[in-house]
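Participant:
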Amino acid sequence: MRWWWAKLSSIYPKLLLSFLVVITPIYVLSLKINEYGEQNVKKEIRNSIQSRVSFYIHLLDSEFSRIISMQEEYVNDRSLRTLSLAEPVISDKERRDAIISIHDQLNRMIHTSPYILKAGAFLPSTHRWITDSIQYSELPEEQYLALKSIKNRYENPFVHWQNRLFISFPYSNLALINGQEPQFLVGVEINQTQLKEVLNRFEIDGSGGSMLIDQGGDWAVSSDHAPIPWLDIKPIVNTFPKDVPSYVKEVNIEGSNYLFVVEQSASHGVTLLSYMPESAILGSLSQYRTWYWALSALSIIVIAIFAYWIFRQIHQPMRRLLRAFQRVEKGNWGTILRHRRSDEFGYLYIQFNSMVANMTEMIQEVFEQKYRANLSELRQLQSQINPHFLYNCFFNLYRMAKNEENENIALFSHHLGHYFHYITRNQQEDVPLEEEIKFAMNYVSIQTFRFEDRIAVQIGQVPDSYRRFRVPKLIIQPILENAYQHGFRNTIGDGRLEVSFKYEKGHLMILVDNNGENIPEPQFQELLAKLRTNSLHVETTGLVNVHRRLQLKYGSGSELLITNEPGRFQVRMAIPIDEDIMTQDQSVV
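Per full-length UniProt numbering, the sequence shown starts with residue 1, numbered consecutively.
1. Buried or exposed for residue 616, going by 16 or more other Cβ atoms inside 10 Å?
2. Determine whether the beta carbon atoms of ASN442 and TYR419 lie at a separation below 7 Å.
3. What are the complete beta strand (DSSP E) segments, minimum 3 residues, inside the segment 451-490?
4. What distance in whole Å lies between the Cβ atoms of LEU337 and LEU321, which are believed to be in contact at a cut-off of 8 Å?
5. Report the partner residues of MET509 according to the DSSP bridge assignment.
6. Whose C-alpha, out of ILE233, GLU504, ASP243, is nearest the C-alpha of VAL251?
7. Are ASN482 and GLY542 close, meaning C-beta to C-beta below 7 Å?
8. Mind checking HIS111: buried by the 16 CB within 10 Å criterion, or exposed?
9. Taking a contact to mean a Cβ-Cβ separation below 7 Å, would you say ASN514 touches PHE439 in this structure?
10. Tell me where the beta strand (DSSP E) around ARG338 begins and ends.
11. Does DSSP put TRP291 in a helix, a strand or coil?
12. DSSP on ALA119, reduced to helix/strand/coil?
13. Does TYR74 pass the burial test, meaning 16 or more other C-beta atoms within 10 Å, or should it be called exposed?
14. Going by beta-carbon coordinates alone, are PHE488 and ILE455 separated by less than 7 Å?
15. In this structure, does DSSP put VAL53 in helix, strand or coil?
16. Restricting to Cα atoms, I'd like to know which of ALA98, SER30, PHE184 is closest to ALA121.
17. Determine the burial state of LEU273: buried for a count of at least 16 other Cβ atoms within 10 Å of its Cβ, exposed for fewer.
18. Using the Cα positions of TYR349 and GLU434, report the straight-line distance between them to the nearest angstrom.
19. Tell me, please, which residues DSSP counts as bridged to PHE166.
20. Which full runs of the alpha helix (DSSP H) of 4+ residues lie inside the segment 25-88, going along the chain?
21. Using the C-alpha atoms, what's the distance from SER18 back to LEU536?
22. Tell me whether the beta-carbon of TYR247 lies closer than 7 Å to the beta-carbon of TYR258.
23. Do LEU508 and ILE575 have their beta-carbon atoms positioned less than 7 Å apart in this structure?
24. So, with DSSP's three-state summary, where would you put LEU231?
25. Quick one: grab the DSSP three-state call for SER18.
26. Report, in whole angstroms, the separation of the C-beta atoms of PRO157 and HIS58, which I expect to be a contact under 8 Å.
27. Taking the beta strand (DSSP E) that ASN564 belongs to, which residues open and close that run?
28. Going by the DSSP bridge assignment, what does THR271 pair with across the sheet?
29. With distances taken Cα to Cα, identify the nearest neighbour of SER417 among GLU404, PRO432, SER445.
30. In whole angstroms, what is the alpha-carbon distance linking LEU20 and ILE300?
31. Exposed or buried, which one is ALA297 when buried takes at least 16 other CB atoms within 10 Å?
32. What does DSSP give as the partner residue(s) for MET569 in the beta ladder?
33. Helix, strand or coil for VAL588? Go by DSSP, reduced to three states.
34. Is ALA146 near VAL188, with beta carbons less than 7 Å apart?
35. Looking at PRO170: is its Cβ nearer than 7 Å to the Cβ of LYS148?
36. Smallest Cα separation from ILE190: which of LEU295, ARG108, GLU63, ASP92?
Given below as structure tokens:
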């Protein structure tokens with residue numbers, strides 16, 4: 001969470017957010033204007049489609065009304081009345097003249113309207129009929145019964161039979177109501193091909209469709225390329241209001257939105273329905289919307305790039321300056337910044353270089369002073385000799401001389417000479433670890449003359465990877481001396497002193513264990529307090545001496561850890577070590 005907050009608090013997100021805040025109101029305003037324009041265009045398109053549907057339904061109404069008017073004119077036609085009422089009593093010549101007259105009239109009616117495919121006059125009393133192509137033949141019973149089945153020609157004059165559409169005019173309507181045969185019936189078959197040509201005009205770029213529908217839902221004439229069949233549209237049409245002559249409705253069919261425009265005929269019981277997918281109606285608008293969103297995305301990308309460019313102009317020089325400070329913090333006082341452009345950062349870099357130069361000079365002076373002081377203190381600590389140890393050494397020499405132990409005197413003097421030679425050699429502050437171990441073993445040999453076989457000493461072999469590792473001089477012997485002086489001073493036997501080495505978490509660990517007397521708790525706490533303080537006024541002898549010199553040499557990376565338990569006193573010395581000198585052998589030896 002903090003990491004994300006830190007990322008959001010950087011310069012680049014702030015720049016990007018600032019640009020977005022500035023451009024968002026303009027973007028929202030343009031979006032609203034675009035939506036407003038889109039709604040207006042959609043409204044105009046809907047009105048245009050609705051006007052076309054209204055125009056064509058009125059056109060069809062006019063044609064159908066004209067056809068019905070021509071049918072009604074046959075009521076006063078003498079020839080038709082003669083054949084229907086007096087056909088048995090008229091002469092052959094009169095019959096032939098009447099048939100020819102009716103045949104010619106039917107042909108003229110066909111040519112007056114492109115919506116008439118065929119026309120015929122049915123004579124039930126003679127079981128004959130006359131058409132535009134057949135002058136006089138036997139009455140087709142099925143077709144006649146279908147055309148006679150019209151319920152109310154004033155509300156719906158259409159009859160749908162065997163996928164053919166007719167306008168039926170039986171005379172008289174009163175005879176049908178009374179269950180009697182009409183005197184005659186004039187039927188006109190509608191030219192569905194011509195009707196479909198009108199319906200095809202509603203398509204937009206080859207999509208969408210239209211239908212002329214019976215208001216009772218019994219039949220429908222569809223355009224040639226209607227994508228949705230009548231059986232699928234019929235349930236939708238049944239949900240439309242019947243008492244509204246004209247309306248527009250959006251319908252979702254199988255995941256696609258369609259715009260349905262409906263116009264009902266006022267006098268012929270039919271409805272003209274046009275439907276088309278919104279994608280076709282709003283094709284250009286959809287393209288504009290796509291371009292708008294693409295432009296929006298491009299704008300955001302441009303803003304991000306521009307903000308990043310500004311960010312680089314500010315952040316990169318700042319990052320260079322920050323890294324330079326980090327290098328200086330790590331001690332690289334030779335850091336110099338160069339800037340090619342003459343801007344504010346050039347001035348900052350010049351001041352940084354001047355500051356580093358001044359600080360380098362001041363730190364060099366302070367370092368030299370501190371180094372001299374530390375070197376003086378280190379040599380003073382290394383040169384400390386325990387007077388009690390000298391007393392014991394001379395007392396042992398006196399005892400061996402009195403007992404005439406000449407060989408022991410020679411061996412003891414040899415060890416003592418090496419001891420004083422090592423501690424008084426001030427040329428080097430650091431020595432290889434193996435030399436420090438040899439000196440510790442020499443010190444143990446001296447103490448053996450005093451304690452004899454009361455203490456068993458075991459010093460582990462130094463691993464090969466540590467032998468040449470340089471450590472401060474006199475860091476192990478004072479710990480051994482502390483064990484002899486405090487832990488074993490009252491030991492009469494079974495004393496044990498062990499020194500071991502191991503690698504642990506980037507440190508060389510030197511462990512010194514003894515089973516002598518423990519330090520009383522008050523004195524132990526006092527010792528810990530001395531180890532924790534860096535005051536120059538604290539007495540620096542024994543363990544505190546070693547701890548102080550480790551701190552001077554390695555800083556806070558080194559430490560002296562003490563365990564004070566019944567029957568066990570352990571000192572753990574941690575010295576930072578470079579892992580590159582490590583080998584696979586890191587076990588305790």
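We treat Cβ as the ideally placed atom computed from N, Cα and C, and that holds for glycine.
Facilitator: In terms of the structure at hand:
1. Since the first and last residues shown for the chain are 1 and 589, residue 616 lies out of range.
2. It is a contact, given that the beta carbons lie within the stated cut-off.
3. Every beta strand (DSSP E) stretch that sits fully inside the segment 451-490 and reaches 3 residues is listed by chain position as 455-459, 470-472.
4. For LEU321 against LEU337, the beta-carbon gap comes to about 7 Å, under 8 Å, which counts as contact.
5. Per the DSSP secondary-structure output, MET509 pairs in a beta bridge with LYS502, ALA574.
6. Ranking ILE233, GLU504, ASP243 by Cα distance to VAL251 puts ILE233 first.
7. Cβ distance < 7 Å, so ASN482 and GLY542 count as in contact.
8. Sixteen is the threshold: since fewer than 16 other Cβ atoms of the shown chains lie within 10 Å of the Cβ of HIS111, the residue is exposed.
9. Contact: no.
10. Secondary structure note for ARG338: it is in no beta strand (DSSP E), with a DSSP letter that is neither H nor E.
11. It is helical.
12. In the structure shown, the three-state DSSP call for ALA119 is strand.
13. TYR74 counts as buried, since no fewer than 16 other beta carbons sit within 10 angstroms of its beta carbon.
14. Yes.
15. VAL53 carries a helical assignment under DSSP once its states are collapsed to helix, strand and coil.
16. Nearest C-alpha to ALA121: PHE184.
17. LEU273 is buried by the Cβ-count criterion.
18. One C-alpha to the other measures close to 50 Å.
19. DSSP, once it has assigned bridges, lists VAL159, GLU189 as partnering PHE166.
20. DSSP runs (the alpha helix (DSSP H)) wholly in the segment 25-88: 78-86.
21. Per-residue confidence for LEU536 stands at a pLDDT of 49, beneath the threshold of 50, marking its modelled position as unreliable; the derived number appears in the next sentence. Spanning the two alpha carbons is a distance of roughly 57 Å.
22. Going by C-beta atoms, TYR247 is not nearer than 7 Å to TYR258.
23. Contact: yes.
24. Reduced to three states, the DSSP call for LEU231 is helix.
25. Residue state, collapsed to three classes: helix.
26. Wrong, their Cβ atoms sit about 17 Å apart, outside the cutoff.
27. Per DSSP, ASN564 is one residue of the beta strand (DSSP E) stretching across 559-565.
28. Partner(s): ILE213, GLN264.
29. What sits at residue 417 in the sequence shown is Gly, not Ser. Of the candidates GLU404, PRO432, SER445, the one whose C-alpha sits nearest the C-alpha of GLY417 is SER445.
30. If I take the Cα positions, the gap works out to 8 Å.
31. Exposed: under 16 other Cβ atoms inside 10 Å.
32. Reading off the sequence, residue 569 comes out as Phe, not Met. In the DSSP output, where bridge partners are listed per residue, PHE569 has ASN514, ASN564.
33. Bear in mind that the predicted position of VAL588 carries a pLDDT of just 37, short of 50, making it unreliable; the figure below should be weighed with that in mind. Residue state, collapsed to three classes: coil.
34. In terms of Cβ geometry, ALA146 and VAL188 do not form a close pair [threshold 7 Å].
35. Yes; because the gap between Cβ atoms is below 7 Å, this pair is in contact.
36. It is GLU63 whose Cα lies nearest to the Cα of ILE190.
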